[in-house]
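Numbering (my numbering), first residue to last: 115 to 298. In this text, a Cβ means the ideal position worked out from N, Cα and C, and glycines have one as well. Source: prediction; values computed, not measured.
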């Protein structure tokens with residue numbers, strides 16, 4: 115059987131790799147490769163002194179106590195205590211994991227303004243501009259407000275359902291919107 119050059123290179127790499135593994139285990143041993151035990155301490159941070167207020171007397175550093183021996187408090191409890199110590203009202207804080215309003219399908223109510231009186235289809239048509247179309251059978255697409263969409267993709271509640279030579283047709287559950295290409 116004749117080996118190709120590729121097979122010889124791969125075989126050489128395999129031999130070098132296995133040889134390195136054997137040398138590592140035999141000559142270098144397992145010393146220092148096992149996980150080490152770690153100790154942790156809990157330390158509260160004192161507020162930084164300002165120029166007007168004298169710095170408080172230094173407290174002795176907390177002793178090194180393994181975590182297993184410290185009393186366990188839940189994260190929620192610690193966050194509540196932190197909020198109380200800094201006079202923060204959790205009801206006034208924004209949820210960091212909530213979606214931005216632009217992700218919502220709901221239309222914002224803005225008093226008696228024109229936009230509040232528009233239907234969702236009119237609001238969609240006035241807020242979106244068709245910039246380009248690409249015809250490719252059932253796989254066509256449209257560029258709207260700088261974003262390229264293929265048929266089936268959506269902007270908010272409106273899904274791109276069809277692309278013609280000069281327009282893109284979007285449809286929601288109750289509305290149909292046709293965006294036209296504008297002449298320059």
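{"Item": "Assuming residue 253 and residue 265 are in contact, meaning their beta carbons sit under 8 Å apart, how far apart are those beta carbons, in whole angstroms?", "Value": "7 Å"}
{"Item": "Which residues in the same chain as residue 235 place their Cβ atom closer than 6 Å to its Cβ, once the five residues preceding and following it in sequence are excluded?", "Value": "289 and 291"}
{"Item": "Tell me which residue opens and which closes the beta strand (DSSP E) that residue 294 is part of.", "Value": "290 to 294"}
{"Item": "Can you give the Cα-Cα distance for residue 249 and residue 259, rounded to whole angstroms?", "Value": "18 Å"}
{"Item": "In whole angstroms, what is the alpha-carbon distance linking residue 197 and residue 153?", "Value": "28 Å"}
{"Item": "Starting from residue 193 and walking both ways along the alpha helix (DSSP H), at which residues does that stretch end?", "Value": "189 to 199"}
{"Item": "Check the DSSP bridge columns for residue 276 and list the partner residues they point to.", "Value": "283"}
{"Item": "Give the range of the beta strand (DSSP E) segment to which residue 56 is assigned.", "Value": "A query on residue 56 cannot be resolved here, the shown segment of the chain reaching from 115 to 298 and no further."}
{"Item": "Mind checking whether residue 294 and residue 281 have CB atoms under 7 Å apart?", "Value": "yes"}
{"Item": "By how many angstroms is the C-alpha of residue 205 removed from the C-alpha of residue 256?", "Value": "42 Å"}
{"Item": "Just to confirm, are residue 247 and residue 275 a CB contact at a threshold of 7 Å?", "Value": "no"}
{"Item": "Among 251, 202 and 239, which residue has its Cα nearest to the Cα of residue 284?", "Value": "239"}
{"Item": "Who does residue 261 pair with in a DSSP beta bridge?", "Value": "258"}
{"Item": "Starting from the C-beta of residue 122, find all residues in its chain whose C-beta is less than 7 Å away, skip the five residues before and the five after it, and write them out in chain order.", "Value": "none"}
{"Item": "Identify whether residue 115 lies in helix, strand or coil by the three-state DSSP scheme.", "Value": "coil"}
{"Item": "Grab the span of the beta strand (DSSP E) containing residue 152 for me, first residue to last.", "Value": "It is not in any beta strand (DSSP E) - residue 152 carries neither H nor E in the DSSP assignment."}
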